[in-house]
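*Asks:* So that we are looking at the same thing, I have put the structure below in structure tokens.
Written out as structure tokens, the structure reads:
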């Protein structure tokens, strides 16, 4: 990324690029942070997979993982991936890279707030990683950290200092997310170029509007929950602690709270979090599909409505994570219904994407391939959503590998494939070069096959009743022994999946210097981030004017381009994308 | 291709049926959508020129490819919700059956304990301060409470076949998840709360009991066994356990 910045502004020192409030420099910093997090998170997941099938394998320099080590791996893997990869890239790095440009703004509304958000995110990541190095190591209560397990240091190794650091890290991350999202919201509302009306916004911007709104509400709840749990641990409060706790034979202080409060607060954050990380990918998918099929987004206003519906309804479905927790069964029924309701707009977007695939001349470049991968995983993981939304069926599948398969497909794989799509698509913005296409295609095909190989078989393990967070399949469950070959296959697929990412890393560093020069607007796109002149626009048309019946003779009409006849026929026939 | 473990519970028959239907429908939807994506990738790359004007074409496409399938999918989702709600309502939205066999299930790191109320049908009081597993009182049962004298604490969940059961769920340290895959049962045991779980075992046999909520370093070891036996065997087992209590010589046997 250094070459990038050098190209744009020769003579800038390293310091000026780091101590920056320029949103594109911040995007690069966020990418580097997420890269560090994803490398560590992936290595942890490989350690998990290896330990599951070769439980006696001694890791070089460490030895055989103890049961608590396994749980620490799971906890840290989940936390790193959910917060520092699947939230940071779509909800911090990408908007910093293109959001101002896409609305025709020169800069963010609050550049310093925006920069502060990055530094707090970095502090949060370092705090989290520090948990590995304190006495007793990282926390072991999973990324959901249910109390009293997370409230009482006596409940297990890592639940002392490690848990404190985890909570501190979450607090910092919430703060950073709130700062960043307020900035994005204000930027979208206040800094659009003249003529950039709401119906001319690209769907990515609509997605960031919805996901930033969700972030403000959801992360506020998590911030409060984390602060309350810290208070329970250190200030003698008992928001989450009931009376009569005995841990390890030792009587704990009597509280007057309930762990259920944490379950509700955490999932009030936790479910919107899924949409925060996936909505930007959905907007990006629509944009890339329009570009690489050379046709407008099908039913633009309908897509906007779906995005907003998901954004609002995303706040009302959290209870489906706690059907079997002792929540009132009538509440379970209600949350099942809201969950089915939110599946409808999600399905609507998928149907629109599928329809778009059969319209124009499809071009299978890497950004498009990864978008197709995103759609494939979004469907594969999304379809089990309505199944898990039924309390009666979820009561069997809850916390089994079926759910692990569900969210790794719909959130992790769909999320990461959409991140790849965005990186391959926007790479020329940063470097002036394209990423290598052959390597990109190879990266896609190996990844898509290996990802299915990793996560699809987990459905079967889940149906057989295999619970999450089991370091080993031993004990009374003889039938699980038949799952060992499946587990082994999953591990091999996971190793392949991780190995394929080396192709991507190599491609990035190779293409930064040696990639084909991209030239102006390499994908023949219509949205403003590709405009050669920035910014100062007077926007007069919709964001996705692709098609053969466009007056200019080309098959697209960028939002920044003025027509020869000075705007008289500004709205060609294909413009009304509904 | 039967991945679910053998079912031994009355409600499991309908649940398994519904699960298979759901999985089959969703699996074929998955296959169809993936085929569509592949077809799109490998179809002829040129765009067809249609006679209809742009706007008409788009409206037609929107109705045929978007609205109609969406209506069908919504109908499918509603069918799923309403069919399975019957199951949920029958088991969860009803009061517990007073005729049912009562067993209290308590989760402790990393062990399940099963307490039977004995001949008086009432559980003796428990006090957190009395919990002392090494001394044989892992649940803190109060010996001064006359109702606790006939309480049986077991490490095995023994149940007679074809009798409704009402489990009372408790935890004395962290959240545990009672999971009996063969009985299609799962419910969290939350400290400070008492949960209830009703079911009827219909097939004699041994069934694993697991913990489904991460509870500490021994989470995966927190396993026990449900043994479903004939009514006669159950009565014999219960009587033997009561006799063992009678001499008052030893505290309730609890370790496996």
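Chains as they are written, first to last, in the working numbering: chain A, 584 to 1161; chain B, 5 to 260. Beta carbons are placed, not taken as given, at the ideal position from N, Cα and C, and that holds for glycine.
1) Report buried or exposed for residue 1112 (chain A), applying the criterion of at least 16 other Cβ atoms within 10 angstroms of its Cβ.
2) Using a Cβ-Cβ cutoff of less than 6 Å, which residues in the same chain neighbour residue 915 (chain A) once the five nearest sequence positions on both sides are dropped?
3) Taking the alpha carbon of residue 670 (chain A) as the reference point, which residue from A:756, A:744, A:777, A:609 has its own alpha carbon closest?
4) Residues in the same chain with beta-carbon distance under 7 Å from residue 1009 (chain A), minus the five sequence neighbours each way, listed in chain order, please.
5) Measuring only between beta-carbons, confirm whether residue 177 (chain B) sits less than 8 Å from chain A.
6) Could you check whether the segment 1074-1088 of chain A touches the segment 1013-1031 of chain A, counting it as contact only if at least three pairs of C-beta atoms, one from each stretch, sit closer than 8 Å?
7) Which two residues bound the contiguous alpha helix (DSSP H) that contains residue 1025 (chain A)?
8) Whose C-beta lies closer than 6 Å to the C-beta of residue 813 (chain A) among residues of the same chain, with five residues either side of it excluded?
9) Note down the Cα distance separating residue 250 (chain B) from residue 135 (chain B), rounded to an integer number of angstroms.
10) Among B:44, B:169, B:159, B:8, which one has its Cα closest to the Cα of residue 21 (chain B)?
11) Under a three-way DSSP split, which group does residue 257 (chain B) fall into?
12) In angstroms with no decimal places, state the Cα-to-Cα distance between residue 168 (chain B) and residue 115 (chain B).
13) In its own chain, which residues sit with a C-beta less than 7 Å from the C-beta of residue 980 (chain A), not counting the 5 before and 5 after it?
14) Going by beta-carbon coordinates alone, are residue 998 (chain A) and residue 678 (chain A) separated by less than 8 Å?
15) Using a C-beta to C-beta distance shorter than 7 Å, which residues of chain B count as neighbours of residue 829 (chain A)?
16) Apart from the five residues on each side of it in sequence, which residues of its chain come closer than 6 Å, Cβ to Cβ, to residue 1079 (chain A)?
17) State the DSSP-derived secondary structure class of residue 154 (chain B), mapped to helix, strand or coil.
18) Just verifying my parser: in three-state terms, what is the DSSP assignment at residue 191 (chain B)?
19) When you check each C-beta in the segment 66-77 of chain B against every C-beta of chain A, which residues fall closer than 8 Å?
20) Keeping to the same chain, check which residues put their C-beta closer than 6 Å to that of residue 776 (chain A); ignore five residues upstream and five downstream.
21) Of all the residues that make up the segment 960-980 of chain A, which are near chain B by a beta-carbon distance shorter than 7 Å?
22) Can a CB atom of chain B be found closer than 8 Å to the CB of residue 656 (chain A)?
23) I want to verify the contact list: residues of chain A whose CB lies under 7 Å from the CB of residue 261 (chain B), in sequence order.
24) Using beta carbons (cut-off 8 Å, strictly below), is residue 85 (chain B) in contact with chain E?
25) Is residue 619 (chain A) helix, strand or coil by DSSP?
26) Cα-Cα, which of B:178, B:228, B:191, B:185 is closest to residue 4 (chain B)?
27) Could you tell me if residue 124 (chain B) is buried or exposed, where buried requires 16 or more neighbouring beta carbons within 10 angstroms of its beta carbon?
28) When burial is assigned at 16 or more other CB atoms within 10 Å of the CB, is residue 904 (chain A) buried or exposed?
29) Using a beta-carbon distance below 8 Å, is residue 208 (chain B) in contact with chain A?
30) If you draw a straight line from the C-alpha of residue 815 (chain A) to the C-alpha of residue 880 (chain A), how long is it?
31) For residue 651 (chain A), which residues in chain B fall below 7 Å Cβ to Cβ?
32) With a threshold of 8 Å between beta carbons, is residue 941 (chain A) in contact with chain B?
33) Pop quiz: residue 128 (chain B) and residue 149 (chain B) are said to be a contact at Cβ under 8 Å. What is the actual Cβ separation, rounded to whole angstroms?
34) Cβ of residue 188 (chain B) less than 8 Å from any chain A Cβ?
35) Which of the three DSSP states is assigned to residue 114 (chain B) in this structure?
36) Would you mind working out which of B:46, B:237, B:163 sits nearest residue 107 (chain B), comparing C-alpha positions?
*Replies:* Walking through what the data contain:
1) buried
2) 906, 974
3) The shortest Cα separation from residue 670 (chain A) among A:756, A:744, A:777, A:609 belongs to A:756.
4) Closer than 7 Å at Cβ, skipping near neighbours: 680, 681.
5) Chain A contact via Cβ: present.
6) yes
7) 1020-1038
8) So the list reads 750, once near-sequence residues are dropped.
9) Between the C-alpha atoms of residue 250 (chain B) and residue 135 (chain B) there is a straight-line separation of about 22 Å.
10) B:8
11) Only weak support is given to the placement of residue 257 (chain B): the predicted model assigns it a pLDDT of 48, under 50, and the value that follows is read from those uncertain coordinates. DSSP places residue 257 (chain B) in coil when its eight states are reduced to three.
12) If you draw a straight line from the Cα of residue 168 (chain B) to the Cα of residue 115 (chain B), it comes to about 24 Å.
13) Excluding positions up to five away in sequence, the list reads 971, 986, 1045.
14) no
15) The answer, in chain order, is 132, 135, 176, 177.
16) 1033
17) coil
18) strand
19) 66, 69, 70, 73, 74, 77
20) So the list reads 687, 1120, 1122, once near-sequence residues are dropped.
21) 962, 963, 966, 967, 969, 970, 973, 974, 975, 976, 978, 979
22) no
23) Limits of chain B in this structure are 5 at one end and 260 at the other, which puts residue 261 (chain B) out of reach.
24) Any reference to chain E falls outside this structure, whose protein chains are A and B.
25) helix
26) Coverage of chain B is limited to positions 5 through 260, which leaves residue 4 (chain B) absent and any answer about it impossible.
27) Result: exposed.
28) buried
29) Put simply, the CB of residue 208 (chain B) is far from chain A, with every gap to its CB atoms at 8 Å or more.
30) 50 Å
31) Taking a Cβ-Cβ cut-off of 7 Å, the neighbours of residue 651 (chain A) in chain B comprise 221, given in sequence order.
32) yes
33) 4 Å
34) yes
35) Coil.
36) B:163
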